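Numbering (our numbering), first residue to last: 7 to 134.
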């Protein structure tokens, strides 16, 4: 599972807010706009409506990320999540979950990483 703690700090009407939540990045990547999804999760966790002035101010804040797990571990640097790097790794992992069993069943190959040309060919065929 690919998790990360997300937080955003902002001020609204003289009150300092710092909502934080553990975000399941696997679920996050299934949404068209993962950043918007994260802000909506943060808002829900602290009782801020998505059609409120608080939410409008919150989405202007900078997201901070900490405690990554799984693929996210290599994608968080200085409390910033490299979404493109994560998306690429996540899509490759999803593809390999489909292709590896096929390689095992039809080619008796249990680790496609040991056969980079075959792996590349299967990925190309899958993505075509």
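Positions of the beta carbon are idealized from the N, C-alpha and C atoms, including for glycine.
Here the structure is a predicted model, which is why all the values come from computation and not from measurement.
Beta-carbon proximity list for residue i, same chain, < 8 Å, skipping 5 on both sides
i	result
residue 105	118, 125, 128, 129, 132
residue 37	43
Same chain, Cβ closer than 6 Å to residue i, neighbours up to 5 away in sequence not counted
i	result
residue 16	23, 63, 64, 67
residue 75	9
residue 45	65
Secondary structure of residue i, DSSP reduced to three states
i	result
residue 10	strand
residue 80	helix
residue 123	helix
residue 105	helix
residue 115	coil
residue 26	strand
residue 54	coil
residue 131	helix
Residue interval of the alpha helix (DSSP H) (run including residue i)
i	result
residue 23	Premise fails: residue 23 lies in the beta strand (DSSP E), 21 to 23, not in any alpha helix (DSSP H).
residue 88	Taken as a continuous stretch (DSSP letters only), residue 88 belongs to no alpha helix (DSSP H), as it is neither H nor E.
residue 63	59 to 64
residue 31	31 to 34
Bounding residues of the beta strand (DSSP E) (the contiguous stretch that carries residue i)
i	result
residue 42	First-last for residue 42: 40 to 51, but that is the alpha helix (DSSP H), not the beta strand (DSSP E).
residue 17	16 to 18
residue 70	70 to 72
Nearest to residue i (by Cα), restricted to the options the options
i	options	result
residue 51	28, 97, 72, 134	28
residue 20	72, 95, 60	60
residue 86	73, 55, 115	73
residue 31	18, 103, 97, 101	97
Whole-number beta carbon distance between residue j and residue i, since they are thought to touch under 8 Å
i	j	result
residue 69	residue 92	Going by Cβ atoms, the distance from residue 69 to residue 92 rounds to 13 Å, so no, they are not a contact pair.
residue 89	residue 82	That belief does not hold up - the Cβ atoms of residue 89 and residue 82 are roughly 11 Å apart, past 8 Å.
heavy atom of the ligand HEM below 7 Å from residue i C-beta
i	result
residue 9	This structure lacks the ligand HEM, and indeed carries no ligand of any kind.
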